[in-house]
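Colleague:
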Amino acid sequence: MKLTNKEFIKNIEKKYTFEKNPSVAVAVSGGPDSMSLLFLVHAFINYKKGSLTALIINHNIRNNSKQEAKHIFTYLKKYHINSRILSVDKNDVKTKSMNEARNNRYNLLTNFCIKNNILHLFVAHHKDDNLETFLNRKISGSDFYGLKSIAEISLYNKVCIFRPLLRYSKNTLLAYNKKNKIEYINDPSNLNLN
Numbered sequence: 131m132k133l134t135n136k137e138f139i140k141n142i143e144k145k146y147t148f149e150k151n152p153s154v155a156v157a158v159s160g161g162p163d164s165m166s167l168l169f170l171v172h173a174f175i176n177y178k179k180g181s182l183t184a185l186i187i188n189h190n191i192r193n194n195s196k197q198e199a200k201h202i203f204t205y206l207k208k209y210h211i212n213s214r215i216l217s218v219d220k221n222d223v224k225t226k227s228m229n230e231a232r233n234n235r236y237n238l239l240t241n242f243c244i245k246n247n248i249l250h251l252f253v254a255h256h257k258d259d260n261l262e263t264f265l266n267r268k269i270s271g272s273d274f275y276g277l278k279s280i281a282e283i284s285l286y287n288k289v290c291i292f293r294p295l296l297r298y299s300k301n302t303l304l305a306y307n308k309k310n311k312i313e314y315i316n317d318p319s320n321l322n323l324n
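If you use the numbering used here, the sequence shown corresponds to residues 131 to 324, in order.
#1: So for residue 182, helix, strand or coil by DSSP?
#2: Rounded to whole angstroms, what's the CA-CA distance from residue 158 to residue 239? Just pull it up for me.
#3: For residue 145 and residue 168, I'd like the C-alpha separation in whole angstroms.
#4: Helix, strand or coil: which one does DSSP assign to residue 174?
#5: Excluding the five sequence neighbours on either side, which residues of its own chain have a C-beta within less than 8 Å of the C-beta of residue 323, listed in chain order?
#6: Out of 197, 294, 185, which has the shortest C-alpha to C-alpha gap to residue 242?
#7: Quick one, are the C-beta atoms of residue 203 and residue 195 less than 8 Å apart?
#8: Helix, strand or coil: how does DSSP classify residue 293 here?
#9: Restricting to Cα atoms, I'd like to know which of 155, 132, 150, 143 is closest to residue 245.
#10: Hey, how far is the Cα of residue 162 from the Cα of residue 282?
#11: Would you identify the three-state DSSP class for residue 248, choosing helix, strand or coil?
#12: Assuming residue 255 and residue 296 are in contact, meaning their beta carbons sit under 8 Å apart, how far apart are those beta carbons, in whole angstroms?
#13: Could you pull the DSSP bridge partners for residue 215 from this structure?
#14: Please return the same chain residues whose Cβ sits closer than 6 Å to the Cβ of residue 173, not counting the five positions on each side in sequence.
#15: Leaving aside the five residues before and after residue 310 along the sequence, list all residues of the same chain whose C-beta is less than 8 Å from its C-beta, in chain order.
#16: How close, in whole Å, do the beta carbons of residue 181 and residue 175 come, if the pair is a contact with beta carbons under 8 Å?
#17: Hey, out of 189, 133, 211, 160, whose CA is closest to residue 183's CA?
This is the structure we're talking about:
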């Protein structure tokens, strides 16, 4: 399935409701998925005459995560995309587990949104993530409710979370980045099964 700014804007307007001149945030890891989403939402926000903040997370888990966050921040400046680097407090990094990282990330993101009157947070989960979640839950014996996998719209800490890429594959996002010459970072921890 091909992905274009025009198609994305059409789908967003059909599925979601926004205030006039919406103020939104996008969670940005710097990887190919979140960079695709950021530039898609950037096109949408320009069309709606709203405001966008890219929220770059420094997890403080890997040695170079701070440098990667700064690199993405500098890269987005070239596109005049308002960005903030949010750093996880090192005291909150205890187990270095995926669950801990996810909780730290969502708390940082939604707390920023609340303080800045941002009602909508976009997150870059895609079709492959959804399949992986389904399989992991199936293997671990989840019931029917648990097998529903990733919700396209959810509420976390009173902030509406949108996941508009759930129908697009990773390859589709990579093709979008290539066509639009969007840089991204490959996180080596994605290959680490621990």
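Glycine residues also receive a C-beta, built at the ideal position from the N, C-alpha and C atoms.
Modeller: Short version:
#1: strand
#2: 10 Å
#3: 18 Å
#4: helix
#5: Unreliable positioning characterises residue 323 in this predicted model, as indicated by a pLDDT of 47, which lies under 50. The coordinate reading is nonetheless provided below. Excluding sequence neighbours, residue 323 sits near nothing in its chain.
#6: 185
#7: no
#8: coil
#9: 155
#10: 19 Å
#11: coil
#12: 6 Å
#13: 186
#14: 135
#15: 169
#16: 7 Å
#17: 211
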